[in-house]
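Step one of this worksheet: look at the structure below.
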Amino acid sequence: MNNSDRETLLSIKDLEITFGSGNSKFVAVQDVNFDIFKGEIFSLVGESGSGKTTIGRAVLGINPTSNGQIIFEGKQINGKISSKEKFETERKIQMIFQDPSASLNERATIDYIISEGLYNYKLFKSEEERVNKVKEMLEAVGLLPEQLYRYPHEFSGGQRQRIGIARALIMNPDLVVADEPISALDMSIRAQVLNLLKKFQREQGITFLFVAHDLSVVRYISDRIAVIRAGRILELAETEELFKNPIHPYTKSLLSAIPIPDPRIAKSRKNIVYDPSIHDYSTKKPKFIEIKPGHFVYCNETEAEEYKRDLK
Amino acid sequence: MNDENILEVKNLNVSFRVRGSEIEAIHDISLNLKKHETLAIVGESGSGKSVLTKAFTGMLEQNGRISHGTIDYKGTRLSDLRVNKQWDKIRGKEIATIFQDPMTSLDPIHTIGSQISEVVVKHQKKTKKEAKKIAIDLMEKTGIPNAVKRYNEYPFEYSGGMRQRIVIAIALACRPEVLICDEPTTALDVTIQAQILDLIKELQEEYKFTIIFITHDLGVVASIADRIAVMYSGRIIEIGTCEEIFYDSRHPYTWNLLSSLPQLARKGEELKSIPGTPPSLYKKIVGDAFAPRNQYAMSVDFKAEPPMFKVTDTHYAKTWLLDKRAPKIQKPEVIQNLHQHMLEMTAEN
Ligand SMILES: Nc1ncnc2c1ncn2[C@@H]1O[C@H](COP(=O)(O)OP(=O)(O)O)[C@@H](O)[C@H]1O
Ligand SMILES: Nc1ncnc2c1ncn2[C@@H]1O[C@H](COP(=O)(O)OP(=O)(O)O)[C@@H](O)[C@H]1O
Ligand SMILES: [Mg+2]
Ligand SMILES: [Mg+2]
């Protein structure tokens, strides 16, 4: 599909996020620009500390932004917005956390944990309706109705992550921010959770901002990928395009570091190390440039010319 | 002991006492570690990878013991050692371990340099001055830039990847014969992980030690292992050369592990996962531990524990499917041409 035909759900423009002030001021995210289309799984990949969670939390309205705009369904949702709008956005954008153990209230039953949002937003007319909704959701994430009155500690890591997913999706969100939702899980359980997220995308058209550092998983699950380093997005493209034709040297290095589960390939591969000092931005400043349709790279004009020349 | 081997394990059982009952975490494992090889141990969490290797260094917790079998290391019967004084000659000095979280091995209140030097003084009988020189040398070897300056820094001033390099430097300060790496890169970013793996390989070239590398990441395994042991529920269910396990595996559990690789999934199709969960250690296992999750299970799988069937001189698998009387079963289609598939995935234009 041509990107210009697609409906944009979330648009991030010149986003900057800083922590602290004065001498201890730290710019965690800057110059960040991307759109997420309705119904897609958009992944943000980068190493730890690169700013992935910070961006995710800004989208959720938890982190204040110091510059730029976050536009959701055509309306700006960062900066000053009315509490009514904030309340409504908070329902439409839900979050799935990395650590399913830390994010569930240990003293509440699964029934309460999954229903909490329904109570806050009064999303049911009768107790019967609420219970039915919860049971349906439980089934959709592969848990059993008889587990409704159990407590989180009675569940395994994979099951807890299912509870976290149920709690987010019962709100009928338009966008789900999933911050490394499988990093804490075992390989075989990862597959189950990823299949579940894909199912919700396919069957309910839910859009995902998927945050991850495992590129082999990201390749399978995402429609498009943005690569972030040190608070800046360096490259953005459709998944297969990014893996087959990476342009930015950092992306190349990141891809070369993915361990390939095949001895003949793995043992002959060379690890490409990225050296940020190769960029000379002293005279020409870098910006986000579309090198080929839908494929963006953070570079200056000189570099952009080189990248374009190398395409053919 | 066979001359080619540095460590021999025979019919090992390890059990733990938990609330009055005995659970068996390692069951009937036999294993020979060959001099200078890199043996990878793979398996889901809880399969017994750490417990097995802790038994090699006398690091089982208080409630754990070797309940059956023997472990021999270069003429010493490790399974007979009881007191710490005996273990001190082995642990760290002959067989060293590096763990996933480098902070657990580093002392936060002493400088990096002093922690390496201390080990050198203790194990190599050097003066403080000599030890410092050796320590700085090791820091350089493990890829710490500005080693002279960074000698005086504290662990918190190092990044996760740099700390893991220091832990490796400390482990190597004793010139061990065997280096056990227990998921040393699991907590690191991929680019750092790739550098640490390269480093371990380079150091092995130079110092000629033997490696036991524990991980659940099959990508890491493919890049580092000469041989692979696959563990399930405290058992080694398949062992072979790296190529035998990736290209010619025989155990249905290994098939499942390989089939669930995200690299093998086609867009639009579900990722393969292994249905069910591993057996609880609190119930006695009858027959093949993997039987309840095995789609190819036969009635014998629920009755009798399979032996290790020989596939080649280097390749063994613990599954009744290899019995002469069993039906011939093809491994799943997705992993039949794994190499071809991976080549396509990694092809760049
Ligand atoms: N509340 C905060 N106060 C100060 N610095 C922060 C805060 N949250 C994040 N940071 C810093 O911002 C950077 C990006 O962090 P984060 O978004 O958590 O990275 P990632 O999720 O990619 O690992 C890091 O350097 C981190 O230390
Ligand atoms: N000290 C202990 N007491 C009781 N059970 C233990 C103890 N240490 C390990 N176990 C159990 O032994 C099994 C194997 O654990 P471990 O070797 O740590 O697995 P992994 O393969 O993840 O390294 C697990 O079921 C674990 O709970
Ligand atoms: Mg994060
Ligand atoms: Mg372990």
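Chain order of the listed sequences is A and B. Counted from 1, the first sequence has number 30 at position 33 by the numbering used here; the numbering is strictly sequential. Adding 14 to a residue's 1-based position in the second sequence gives its number in the numbering used here. Glycine residues also receive a C-beta, built at the ideal position from the N, C-alpha and C atoms. Since we're looking at a predicted model, the values are computed, not measured.
query                                                                                                                                                                                          : result
For the putative contact between A:I186 and A:I110, defined by C-beta atoms under 8 Å, what is the C-beta separation to the nearest angstrom?                                                  : A:I186 to A:I110, Cβ: 20 Å. No contact.
I'd like the span of the beta strand (DSSP E) that includes A:V224, first residue to last.                                                                                                     : 221 to 226
Helix, strand or coil for B:N363, going by three-state DSSP, please let me know.                                                                                                               : Because the pLDDT at B:N363 is just 43, under 50, the model does not fix this residue reliably, and the value given afterwards should be weighed accordingly. Coil.
Measuring only between beta-carbons, confirm whether B:K286 sits less than 8 Å from chain A.                                                                                                   : yes
Taking the alpha helix (DSSP H) that A:I162 falls in, what are its first and last residues?                                                                                                    : 154 to 166
Do you know how far the Cα of B:I214 is from the Cα of A:S219?                                                                                                                                 : 33 Å
Just the C-alpha distance for A:A105 and B:A279, rounded to the nearest angstrom, thanks.                                                                                                      : 37 Å
In the DSSP assignment, find the unbroken beta strand (DSSP E) run with A:N64 in it and report its ends.                                                                                       : 64 to 69
With 8 Å as the threshold, decide whether the Cβ of B:N363 is near any Cβ in chain A.                                                                                                          : In this prediction, B:N363 has a pLDDT of 43, which is less than 50 and means its spatial position is unreliable; what the coordinates show is noted afterwards. True, the Cβ-Cβ gap to chain A drops below 8 Å.
To the nearest angstrom, how far is the alpha carbon of A:Y116 from that of A:M168?                                                                                                            : 10 Å
Per DSSP, which one or two residues make a beta bridge with A:Q91?                                                                                                                             : A:V173
Would you tell me roughly how many angstroms separate the C-alpha atoms of B:A110 and B:I158, rounded to the nearest one?                                                                      : 21 Å
A:N117 lies in the alpha helix (DSSP H); which residues open and close that run?                                                                                                               : 107 to 118
At the 8 Å Cβ level, is A:D307 part of the contact set with chain B, yes or no?                                                                                                                : no
Could you confirm whether any beta carbon from chain B is found closer than 8 Å to the beta carbon of A:Q91?                                                                                   : no
Nearest by alpha-carbon distance to B:N77: which of B:A305, B:V65, B:L45 is it?                                                                                                                : B:V65
If you measure from the CB of A:E177, is any heavy atom of ligand 3 nearer than 7 Å?                                                                                                           : yes
Applying a beta-carbon distance threshold of less than 9 Å, which residues of chain B neighbour A:N268?                                                                                        : T205, A208, Q209, L211, D212
Listed from N- to C-terminal order along the chain, which residues in the segment 25 to 58 of chain A have their beta-carbon within a distance smaller than 8 Å of any beta-carbon of chain B? : E44, S45
Using a C-beta cutoff of 8 Å, does B:T360 count as contacting chain A?                                                                                                                         : yes
Looking at C-alpha atoms only, which residue of B:P346, B:I259, B:R79 is the closest neighbour of B:D240?                                                                                      : B:I259
Can you check DSSP and say which residues form a bridge with A:K284?                                                                                                                           : A:C296
Of all the options B:G282, B:K24, B:V56, B:R307, which has the alpha carbon lying nearest to the alpha carbon of B:T291?                                                                       : B:R307
Distance cutoff 8 Å, beta carbons only. Does B:V366 sit that close to anything in chain A?                                                                                                     : Because chain B here runs from 15 to 363, residue 366 of chain B falls outside it and cannot be looked at.
Excluding the 5 residues preceding and the 5 following B:Q344 in the sequence, name in chain order all residues of the same chain whose CB lies nearer than 8 Å to its CB.                     : Q350
Examine ligand 1 and report whether any of its heavy atoms sits within less than 7 Å of the Cβ of A:S312.                                                                                      : In the structure displayed, chain A extends from -2 to 309; residue 312 of chain A sits before or after that span and is not available.
A:L57 to A:L191, Cα distance in whole Å?                                                                                                                                                       : 22 Å
Please confirm whether any heavy atom of ligand 4 lies closer than 7 Å to the CB of A:D108.                                                                                                    : no
With respect to 7 Å, is the separation between the Cβ of B:D196 and the closest non-hydrogen atom of ligand 4 below this value?                                                                : yes
By alpha-carbon positions, which one of A:L308, A:E303, A:K282, A:N20 ends up nearest to A:N297?                                                                                               : A:K282
Cβ atoms of A:E237 and A:T248: under 8 Å apart, would you say?                                                                                                                                 : no
By the three-class DSSP mapping on this structure, what secondary structure does B:D262 have?                                                                                                  : coil
On a CA-only basis, which of A:A234, A:T204, A:A301 is nearest A:I90? Give me that one, please.                                                                                                : A:T204
Alpha carbon to alpha carbon, how far is B:I210 from B:N363? Give it in angstroms, no decimals.                                                                                                : In this prediction, B:N363 has a pLDDT of 43, which is less than 50 and means its spatial position is unreliable; what the coordinates show is noted afterwards. Distance between the alpha carbons of B:N363 and B:I210 is about 28 Å.
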